[in-house]
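Just below is one structure, and these are the notes that go with it.
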Amino acid sequence: MASHFSWKRPELAIDFGTANLRVIGRDEGIILDEPSICCFADIDTAPSLYAAGIEAQAMVDRTPGKLQIRRPLGRGVLQDIDAATHLLRYAVRKARGRKHFRTPHAMIGVPADATQAERGALMTAAHDAGLGPVRLVAEPFAAAIGADLPISAPNGTMIVECGAGTTEVAVLSLGGICLTRSVRVGGATLDKAIADHLHFKHKFLAGELTSERIKLGYGEQRRAEAVKDETIQVKGRSLTTGLPAALALPLTELDQVAEKHFQQIVDAVREVLSDTPPELSQDIHERGIVLTGGSATTPLLSAMIKADTGLAVTVADEPARCVARGLHRMLLD
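Quick note on the working numbering: the sequence shown kicks off at 73 and runs consecutively.
What follows is the structure in structure tokens.
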């Protein structure tokens, strides 16, 4: 009976994010970590998967007319069921190899405030991709477990899960989520904000991957103890001349872009704190706020939250992998 019960338990967990998809095995931990992106061919007749993951990422902004780049998720929400199905099928097959033939049971992370329609769409994509029964897990809950927070204790814990497409603020206690607030702001939307800034202020066109590199370079510069250069070199196309060009972008301008962008997250944190019951508020005052997710490493975000709330703010170890680690621990329970 015990072995039969074990077979019923989920064998895989999937952290399906706007930027990355991670497949986690019960025994192996993270066995695949690739961009959440697909490239389709024959888009005018019978679209078929041409590339996915890392291979498709290299094609962004470089595809000819017969190929089309598609992202299954936008701002944390499933927006393309067909692309999601193809990406899930690709990821599970690549992670498990051809030696596994049985339909795997799985857990998949979802935003805590995902609607029934959004959850249903994800379940449909998972089923069409060949997954067996699927259990959906709130991402802030998984992130808190992955960050080693004491969520089962009768104390309040606040977490800010900073994803690529959405950021979720949650208060947890006694093994559950007490309060949550989501804003459609994250690392990918910061990329777009940077591209828009270059477009409108400098009449300069930068591609999607270039905008991401600017964001990453900005984060590295601001985390450095001594800033070596107060600018970031950007290559793209001048909208004035129409020719390839380079631009020295001041870090102070990126500070302004990031501050305006992150203010929505700071406002969400304040809203959740204002709705938190007094006893849990006392716990949060003592313990502070923990940031997880890939965007958590941007120094300006933690500084803004600390300045606005007066609370201690810490960044979890390997914050981008907190959801995946939490899902893995749930597989082992």
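All C-beta atoms in this analysis are idealised placements derived from N, C-alpha and C, irrespective of residue type, glycine included.
Quick caveat: nothing in here was measured; it's all calculated off a predicted structure.
>> Between the alpha carbons of residue 355 and residue 362, how many angstroms are there, rounded?
In response: 13 Å
>> Quick test of the definition: if touching needs 3 or more C-beta pairs under 8 Å, does the segment 229-247 touch the segment 358-376?
In response: Short answer: they touch.
> Shortest alpha-carbon distance to residue 256 belongs to which of 163, 89 and 246?
Replying inline: 89
> Taking the continuous beta strand (DSSP E) assigned at residue 121, which residues delimit it?
Replying inline: 120-124
>> Relative to the C-alpha of residue 136, which candidate in 122, 147 and 146 has its C-alpha closest?
In response: 122
> Can you give the Cα-Cα distance for residue 75 and residue 405, rounded to whole angstroms?
Replying inline: Legend: pLDDT at residue 75 = 36, less than 50; position of this residue unreliable, value from coordinates given subsequently. Going from the Cα of residue 75 to the Cα of residue 405 covers about 15 Å.
>> Assuming residue 139 is part of the beta strand (DSSP E), what are its boundary residues?
In response: 139-142
> Apart from the five residues on each side of it in sequence, which residues of its chain come closer than 7 Å, Cβ to Cβ, to residue 316?
Replying inline: Closer than 7 Å at the Cβ level, and outside the excluded window around residue 316, lie 309.
>> I'd like the list of long-range same chain contacts for residue 334, defined as Cβ closer than 7 Å, with 5 residues on each side in sequence excluded.
In response: 372, 373 and 376
> Can you give, in chain order, each stretch of the alpha helix (DSSP H) that sits fully within the segment 169-256 and has at least 4 residues?
Replying inline: Note on the segment 169-256: whole alpha helix (DSSP H) runs with a minimum of 4 residues are 188-200 and 211-218, in chain order.
> Under three-state DSSP, which class holds residue 270?
Replying inline: helix
> Where residue 326 and residue 349 are concerned, what is the direct C-alpha to C-alpha distance, given to the nearest angstrom?
Replying inline: Linking residue 326 to residue 349 through their CA atoms gives a straight-line distance of about 37 Å.
> At which residue ranges does the segment 336-394 contain complete beta strand (DSSP E) runs of 3 or more residues, listed in the order of the chain?
Replying inline: Qualifying beta strand (DSSP E) stretches, in chain order: 361-364 and 385-387.
> Hey, quick one: how far does the beta strand (DSSP E) through residue 286 stretch, first residue to last?
Replying inline: That residue, residue 286, is in no beta strand (DSSP E); its alpha helix (DSSP H) goes 280-295.
> Rounded to a whole number of angstroms, what is the C-alpha to C-alpha distance between residue 158 and residue 351?
Replying inline: 46 Å
>> Assuming residue 60 is part of the beta strand (DSSP E), what are its boundary residues?
In response: Not covered by the structure: residue 60. The range shown for the chain is 73 to 405.
> Among 293, 98, 260 and 142, which residue has its Cα nearest to the Cα of residue 323?
Replying inline: 293
>> My output table needs one value for residue 264: the three-state DSSP class, helix, strand or coil.
In response: helix
>> Counting C-beta neighbours from all protein chains within 10 Å, is the total for residue 219 16 or more, i.e. buried, or is it exposed?
In response: buried
>> I'd like to know whether the C-beta atoms of residue 110 and residue 167 end up nearer to each other than 8 Å.
In response: Result no, Cβ atoms of residue 110 and residue 167 do not sit closer than 8 Å.
> For residue 236, which residues from the same chain have a beta carbon less than 7 Å from its beta carbon, with the 5 sequence-adjacent residues on both sides left out?
Replying inline: 89, 90, 91, 258, 259, 260 and 366
> Between residue 314 and residue 270, what straight-line distance do the alpha-carbon atoms span, to the nearest angstrom?
Replying inline: 14 Å
> Is DSSP giving residue 314 helix, strand or coil here?
Replying inline: coil
>> Does residue 151 come out as helix, strand or coil in the three-state DSSP assignment?
In response: coil
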